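K.L.:
Protein chains in written order, with my numbering: chain Z, 579 to 1054; chain G, 178 to 374.
Ideal placement from N, C-alpha and C gives every residue a C-beta, glycine not left out.
None of the values given here were measured: they were computed from a predicted structure.
Below you'll find the structure I mean.
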Amino acid sequence: MNQPKTLYEKIWDAHVVDQRDDGTALIYIDRHLVHEVTSPQAFEGLRKAGRKVRRPDLTLAVPDHNLPTTARLDAQGNKIPIADPQSAAQLEALEANAPAFGIKYIGASDINQGIVHVIGPEQGFTLPGTTMVCGDSHTAAHGALGALAFGIGTSEVEHVLATQTLQLTRSKTMEIRVEGDLGPGISPKDLILHIVGVLGTAGGTGHVIEYRGKVFEEMSIEGRLTVSNMSIEAGARAGLIAPDDKTFAYLEGRPMAPKGADWDAAVAYWKTLPTDAGAKFDKSVTIDAADVSPTVTWGTSPEDVVPVNGVVPAPDSFSDPSKQDAARKSLDYMGLEAGQALRDVSVENIFIGSCTNSRIEDLRAAAAILEGRKKADNVKWAIVVPGSGLVKAQAEAEGLDRIFTDAGFEWREPGCSACLGMNPDKVPAGERCASTSNRNFVGRQGPGARTHLMSPAMAAAAAVTGKLTDVRELTR
Amino acid sequence: MKPINRVEGRAIPFGQKNVDTDVIIPAKWLKTVSREGLGEGAFEAIRAQEGNIFDDPEYAGAKILIAGDNFGCGSSREHAAWALADLGITAVIAPSFSDIFSGNAFKNGLLAIAVPQAAVDRLMEVAKTDPITIDMESMSITTPFQDRFAFEMDPFRHQCLVEGLDEIDLTLAKSDAIERHEKRNDSAQPWLIPAAA
Ligand code: SF4
């Protein structure tokens, strides 16, 4: 019998084009997502060297990071110009480069436009067992469908465009199992924040994480995308969840997914992918589901998590002196004191969006809390940014937009928005934001902005009370 | 990329330790669409000070930069290598570099040469008045005063730099293997090509 293999090993082995003596391999890339920030210099490089894109048919381009999330067309249907000249230049460059190199481009006012990591699965561009790259670190999200997906830098973007391959070192494997069931009101976001807290931001370094067991099997595809998305925050190269009937049901009929006999052949292959019984992982971590509460971050690293009913930790409570130092700086930046109850912390801004939590299920979870309620008076700015035009349309068909606007939220156009301070959606310096995004780094949401990461339902609860809140109190 | 065999001329005796990529090129310069033109933002904060070393006419046109330990630490921005190249720098000499910076430098045909602190100290001294020479063939740095400092470099990177090969050229040399993989996909997994939406 063949040696039992993990899902990661199966995908890796199926993509080796050339093995080098030093242990690295040339790996074929099946899918390449391109956005406007990390691609202009790559296209410039191709042009200078007189090179073409090897497989434009395996490449998909969409703008997201820089796009303002306000209306994109005026009443006459004309494009509204983008005020920031540098943003405009990046967006124009992608709009020109994609057709010039024969790449399919989804434009800013197309209903299919959205955040790269939302539209990949949604269009059926992301498929199980494929290798997938994008010049953005949260590419790990696509691992939710069983694709080996990871972020790359601009030189690598150019390399993939020119050769459809990357020279890579094989990663180590780590399995994360969750024992037991998540409690009522505990979302996939709470789980992944908890996992990042357990592993630490370097815990997954050099590894690809496979999330295994009943909790993930029972989780929706949207929830799996939220989990896999943040694998990078635990330092991992990528996250993976074995494809199953839920995955197939999610993908079937999507525009770019296989059709007819091709579909049947694809599903037959995908069923061979899950990790074999007896396959060995380099590292195994077990999480007790009972330990996972509604979770928020208190600091400036995604590992700085605490149950919402907990208190801000004292820097001295960490054993590592460099972590003590980092914690002191974090508390200073965040304007928090050791021992302070998180539930006393008031927030002025609410952001529901980003590739971590902007899919329909996320919006439903937030709307369920907001229905018939209003944001607190101290909340100055509350926005919902759907992950794509299709999510937005679906939410509107369900009447969710009305629930949000009635509660005092702004209902926006799809894009990265306040996940990073690159477009006009920024959190003012010194103010707090309850955010469903993935990074609480210093200045990530704007210079001086103080980010608390949490789930969509928790962000909605914070909007209602004006402070960090255990969402379960609003659902009792 | 251009083959690099020899770099000679005046060097900027900068010498600072722990120069992070935000010092090399501040974040506000990251929203660009070209590798070119970033020289204008290189070391912006330092160059805002009067009498700074980068704008000293003594070192005008210098192709070599001499720095302290841990050059290029901080964020992984590839723009740091682009900015130095656009400033006209072909080689940086320092006691050590951050891994990510040396990787980015290599990818962009910029030499990142590590020599011991004592050698850096001596080169800093010489650079104030005289040119220095980096020879890739003998892997050494020399001065007009008979100084000679050997350096090491990963043989693969050395070969690429001397022959002017970039990573894309090296991969394209394996086009046959890539094509074989694609042919196999086309027959075994034709569904890998996205359905036209
Ligand atoms: S939403 Fe945030 S993390 Fe996701 S792709 Fe956009 S900027 Fe990156």
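Jot down the residue ranges of each uninterrupted alpha helix (DSSP H) in the region 267-309 of chain G, minimum 4 residues, whole runs only, in chain order.
P.N.:
With a minimum length of 4 residues, the continuous alpha helix (DSSP H) runs that stay inside the region 267-309 of chain G are 276-284, 294-304.
K.L.:
Does the Cβ of THR850 (chain Z) have 16 or more other Cβ atoms within 10 Å, making it buried, or fewer, making it exposed?
P.N.:
Within the first sequence, numbered from 1, the residue matching residue 850 (chain Z) stands at position 272. Taking a 10 Å sphere around the C-beta of THR850 (chain Z), we find fewer than 16 other C-beta atoms and assign the residue as exposed.
K.L.:
Work out the CA separation of TRP876 (chain Z) and GLY214 (chain G) for me, nearest whole Å.
P.N.:
The residue you call residue 214 (chain G) lines up with position 37 of the second sequence. The residue you call residue 876 (chain Z) lines up with position 298 of the first sequence. Approximately 40 Å between the Cα atoms of the pair.
K.L.:
Can you tell me where the beta strand (DSSP E) with ASP866 (chain Z) in it begins and where it stops?
P.N.:
Position 288 of the first sequence holds residue 866 (chain Z). Counting along the chain, the beta strand (DSSP E) containing ASP866 (chain Z) begins and ends at 861-866.
K.L.:
For a contact meaning CB atoms closer than 9 Å, what does GLY724 (chain Z) contact in chain G?
P.N.:
One-based indexing of the first sequence puts residue 724 (chain Z) at position 146. Against chain G, the beta carbon of GLY724 (chain Z) has no neighbour under 9 Å; the closest one sits roughly 14 Å away.
K.L.:
To test your reading of the DSSP string, which unbroken beta strand (DSSP E) runs of 3 or more residues are found completely within the region 593-663 of chain Z?
P.N.:
594-597, 602-606, 609-612, 637-639
K.L.:
Quick check: the region 947-961 of chain Z against the region 918-931 of chain Z, are at least 3 beta-carbon pairs closer than 8 Å?
P.N.:
Touching, yes, given that three or more Cβ pairs across the two stretches are closer than 8 Å.
K.L.:
Would you say SER211 (chain G) lies against chain Z (beta-carbon separation less than 8 Å)?
P.N.:
Sequence index remark: in the second sequence, residue 211 (chain G) carries index 34 (1-based). Yes, SER211 (chain G) counts as interfacial toward chain Z.
K.L.:
Checking 8 Å against the spacing of the C-beta atoms, do VAL696 (chain Z) and LEU771 (chain Z) come in under that value?
P.N.:
The residue given as residue 696 (chain Z) occupies position 118 in the first sequence. The residue given as residue 771 (chain Z) occupies position 193 in the first sequence. No; because the gap between Cβ atoms is not below 8 Å, this pair is not in contact.
K.L.:
I want to see whether chain G comes within less than 8 Å of SER665 (chain Z), judged by CB atoms only; does it?
P.N.:
Counting from 1 along the first sequence, the entry for residue 665 (chain Z) is found at position 87. Yes, SER665 (chain Z) counts as interfacial toward chain G.
K.L.:
Below 7 Å, is the gap between the Cβ of HIS720 (chain Z) and the nearest heavy atom of the ligand PLP?
P.N.:
The model on display carries the ligand SF4 but not the ligand PLP.
K.L.:
Would a check of beta-carbon distances place GLN597 (chain Z) closer than 8 Å to chain G?
P.N.:
Residue numbering aside, residue 597 (chain Z) sits at position 19 when the first sequence is read from its first letter. Closer than 8 Å: no.
K.L.:
Quick one: Cα of ILE607 (chain Z) to Cα of GLY724 (chain Z), how far?
P.N.:
Position 29 of the first sequence holds residue 607 (chain Z). Position 146 of the first sequence holds residue 724 (chain Z). When rounded, the distance between both Cα atoms is 15 Å.
K.L.:
Which of the three DSSP states is assigned to ALA365 (chain G) in this structure?
P.N.:
Along the second sequence, one-based indexing puts residue 365 (chain G) at 188. Here ALA365 (chain G) sits in helix by DSSP.
K.L.:
Taking only the alpha-carbon atoms, compute the straight-line gap between LEU1052 (chain Z) and GLY763 (chain Z) and give it to the nearest angstrom.
P.N.:
Mapped onto the first sequence, residue 1052 (chain Z) falls at position 474. Mapped onto the first sequence, residue 763 (chain Z) falls at position 185. One alpha carbon belongs to LEU1052 (chain Z), the other to GLY763 (chain Z), and they sit about 10 Å apart.
K.L.:
I believe ARG187 (chain G) touches PRO321 (chain G) by the beta-carbon criterion, under 8 Å. Please report the beta-carbon distance rounded to the nearest angstrom.
P.N.:
The residue given as residue 187 (chain G) occupies position 10 in the second sequence. The residue given as residue 321 (chain G) occupies position 144 in the second sequence. About 12 Å; that fails the 8 Å criterion.
K.L.:
Go through its chain and collect everything with a Cβ distance to GLN918 (chain Z)'s Cβ below 8 Å, but skip five positions before and after it.
P.N.:
If you number the first sequence from 1, residue 918 (chain Z) lands on position 340. The answer, listed in chain order, is VAL889, VAL890.
K.L.:
So ASN927 (chain Z) is in the beta strand (DSSP E); what residue range does that whole segment cover?
P.N.:
Locating residue 927 (chain Z) in the first sequence gives position 349, where the first residue counts as 1. Its beta strand (DSSP E) spans residues 927-930.
K.L.:
Please tell me whether, using a cut-off of 7 Å, the distance from the CB of ASP343 (chain G) to the nearest non-hydrogen atom of the ligand SF4 is below it.
P.N.:
Counting from one through the second sequence, the residue named residue 343 (chain G) turns up at place 166. Because no heavy atom of the ligand SF4 lies under 7 Å away, the Cβ of ASP343 (chain G) does not count as near it: no.
K.L.:
In chain order, which continuous runs of the alpha helix (DSSP H) of length 4 or greater are located wholly inside the region 204-240 of chain G?
P.N.:
221-224
K.L.:
Restricting to Cα atoms, I'd like to know which of Z:GLN597, Z:LYS901, Z:ASN887 is closest to PRO893 (chain Z).
P.N.:
As a first step, residue 893 (chain Z) is located in the first sequence; it is residue number 315 there, counting from the start. Of the listed residues, the one whose Cα sits closest to PRO893 (chain Z) is Z:LYS901.
K.L.:
The beta strand (DSSP E) that contains SER317 (chain G), what's its start and end?
P.N.:
Residue mapping note: residue 317 (chain G) aligns to position 140 of the second sequence, counting from 1. SER317 (chain G) -> beta strand (DSSP E) spans 317-319.
K.L.:
Give me, in chain order, the residues of the same chain whose beta-carbon lies closer than 8 Å to that of LEU669 (chain Z); leave out the 5 immediate sequence neighbours on both sides.
P.N.:
Sequence index remark: in the first sequence, residue 669 (chain Z) carries index 91 (1-based). Excluding sequence neighbours, LEU669 (chain Z) sits near GLU614, PRO641, ASN644, LEU645, ILE660, ALA686.
K.L.:
Taking the alpha-carbon positions, what's the VAL793 (chain Z) to CYS997 (chain Z) distance?
P.N.:
By 1-based counting over the first sequence, the position of residue 793 (chain Z) is 215. By 1-based counting over the first sequence, the position of residue 997 (chain Z) is 419. Each residue's alpha carbon lies about 27 Å from the other.
K.L.:
With 16 as the cutoff for other CB atoms within 10 Å, does PHE1019 (chain Z) come out buried or exposed?
P.N.:
As a working mapping, residue 1019 (chain Z) is identified with position 441 in the first sequence. Flag for PHE1019 (chain Z) reads exposed.
K.L.:
Once the 5 residues before and after LEU338 (chain G) are set aside, which same chain residues still bring their CB inside 6 Å of it?
P.N.:
The residue you call residue 338 (chain G) lines up with position 161 of the second sequence. Here the set comprises ILE181.
K.L.:
The beta strand (DSSP E) spanning THR1043 (chain Z) covers which residue range?
P.N.:
For this step, residue 1043 (chain Z) is matched to residue 465 along the first sequence. Looking at the DSSP string, THR1043 (chain Z) is not in any beta strand (DSSP E); the run it does join, the alpha helix (DSSP H), is 1034-1043.
K.L.:
At a cut of 8 Å, does the region 709-717 of chain Z reach the region 611-627 of chain Z through at least three beta carbon pairs?
P.N.:
yes
K.L.:
On a Cα-Cα basis, can you pick out the residue from G:ALA295, G:GLU227, G:VAL200, G:GLN226 that is closest to GLY218 (chain G)?
P.N.:
Locating residue 218 (chain G) in the second sequence gives position 41, counting from the first residue. When only C-alpha atoms are compared, the closest one is G:VAL200.
K.L.:
Buried or exposed: LEU920 (chain Z), going by 16 or more other Cβ atoms within 10 Å of its Cβ?
P.N.:
Looking up residue 920 (chain Z) in the first sequence gives position 342. Classification for LEU920 (chain Z): buried.
K.L.:
Am I right that THR1014 (chain Z) and ARG1022 (chain Z) are in contact with their C-beta atoms under 8 Å? What's the rounded C-beta distance?
P.N.:
The residue labelled residue 1014 (chain Z) in the question sits at position 436 within the first sequence. The residue labelled residue 1022 (chain Z) in the question sits at position 444 within the first sequence. In fact, because the Cβ distance is near 13 Å, the residues do not count as touching under 8 Å.
K.L.:
So does THR695 (chain Z) have its beta carbon nearer than 7 Å to some heavy atom of the ligand SF4?
P.N.:
As a working note, residue 695 (chain Z) is residue 117 in the first sequence. It is worth fixing the name first, because residue 695 (chain Z) is His in this sequence and not Thr. It does: the Cβ of HIS695 (chain Z) is within 7 Å (strictly closer) of some heavy atom of the ligand SF4.
K.L.:
Between PRO332 (chain G) and chain Z, is there a C-beta pair that is closer than 8 Å?
P.N.:
Taking the first residue of the second sequence as 1, we reach residue 332 (chain G) at position 155. Chain Z contact via Cβ: absent.
K.L.:
So is HIS335 (chain G) in contact with chain Z if we call contact Cβ pairs under 8 Å?
P.N.:
The residue labelled residue 335 (chain G) in the question sits at position 158 within the second sequence. No, its Cβ sits nowhere closer than 8 Å to a Cβ of chain Z.
K.L.:
Between the region 803-817 of chain Z and the region 838-845 of chain Z, do three or more beta carbon pairs fall short of 8 Å?
P.N.:
Per the Cβ contact rule, the region 803-817 of chain Z is not in contact with the region 838-845 of chain Z (fewer than 3 Cβ pairs under 8 Å).
K.L.:
Say whether chain G places a C-beta atom closer than 8 Å to the C-beta of SER995 (chain Z).
P.N.:
Numbered from 1 along the first sequence, position 417 holds the residue referred to as residue 995 (chain Z). Chain G contact via Cβ: absent.
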